[in-house]
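Q: Quick one: structure below, then a few questions.
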Amino acid sequence: MPKIRKWLRKRRYQPSFAIENRAPTAVAVSARSQFDTIDAPTQLVPYDENLLERSRTQWQFGDWESLANLNRDTLQHHPDRAKLALLAAAGQLQVGNVTEARQLIRQAKDWGISKRHLSQILIAGVHNSIGRAAAIGNQQQRALQHFHSALATGTPGSEARLLAQARISHQYQQLGLPPVAIGSLATAIPASGHSIPLIPQGYPSVTPTFLKRESD
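So for the sequence shown, the working numbering puts the first residue at -6; every next one is plus one.
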């Protein structure tokens, strides 16, 4: 017995609870480190909550300059960035910046814009361009029909007749043409209120190359 006691005194004794206490501490530190990494607050970038609604109104009025001035860096962190990029592209097309418009369309597609929405806005833009050309050519009835069709195509289900007067007034003002009488709009728009076809009856039904390339 004396030998055993002597051997025990010489041996370093470490109680089991001391060993057990070390392991959980290490695990806790490791787990805390992992959660700190996962739950670390990401940098929140403020965005304009009214930007989409304001841009839609600008599109309805045909305020292409304002849409073309939408900053791509501003759109980057917006929850509705795909729709905004498409509206910005519509503005760029109307002011003649085709290259910039293509880049914005590709960006909108990368951000998840639907093919249907993409086609609606692009076709509406074609209607608007035809309307402007007809207005310059003094073809008032044709111009009014295409301006109305632009709205009926781009925002189906909306009160296109009510919005058309604002669009027409803004387009004629941009072109430096005298304003159109409100009564002219009632006679120009089809009774159904639907949009008119882009291609007149009797012409081959061919989708414009630009629309084919960008809406696929």
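Every residue, glycine too, gets a C-beta built ideally from N, C-alpha and C.
For the alpha helix (DSSP H) containing Leu97, list its first residue and its last residue.
A: That run of the alpha helix (DSSP H) goes Val91 to Asp103.
Q: Going by CA-CA distance only, name the one from Thr146, Ala145, His139 and Glu152 that's closest to Gln164.
A: His139
Q: Just to confirm my understanding: we take Pro171, look at its own chain, exclude 5 residues before and 5 after, and list those with CB closer than 8 Å. What are they?
A: Once the five neighbours on either side are set aside, the close Cβ partners of Pro171 are Tyr165.
Q: Is the beta carbon of Leu79 sitting closer than 8 Å to the one on Ile116?
A: no
Q: For Asn62, which three-state DSSP category applies?
A: coil
Q: Less than 8 Å between the CB atoms is what I'm expecting for Phe54 and Ala126, so what's the real figure, rounded?
A: Between Ala126 and Phe54 the Cβ distance is about 19 Å, and since that is not below 8 Å, they are no contact.
Q: Ignore the nearest five residues each way along the sequence and tell me which others in Gly118's own chain have a CB closer than 6 Å to its CB.
A: Scanning its chain for C-beta atoms nearer than 6 Å, with the 5 sequence neighbours on each side dropped, one finds around Gly118 the residues Ala83 and Leu86, in chain order.
Q: Suppose the cutoff is 7 Å on Cβ atoms and the five residues either side in sequence are ignored; what does the same chain contact list for Ala75 look like?
A: Ala101, Trp104, Gly105 and Ile106
Q: Can you list, in chain order, the residues of its chain with a C-beta nearer than 7 Å to that of Asn131? Leave out the 5 residues immediately preceding and following it.
A: If the five residues before and after Asn131 are omitted, its C-beta is found closer than 7 Å to no C-beta atom of its own chain.
Q: Helix, strand or coil, according to DSSP, for Ala78 in the structure here?
A: helix
Q: Put His70 into one of helix, strand or coil per three-state DSSP.
A: coil
Q: Just to confirm my understanding: we take Leu97, look at its own chain, exclude 5 residues before and 5 after, and list those with CB closer than 8 Å. What are they?
A: Arg65, Ala78, Leu79, Ala81, Ala82 and Gln85
Q: Taking the alpha-carbon of Leu60 as reference, which of Pro149, Val88, Gly150 and His141 has the nearest alpha-carbon?
A: Val88
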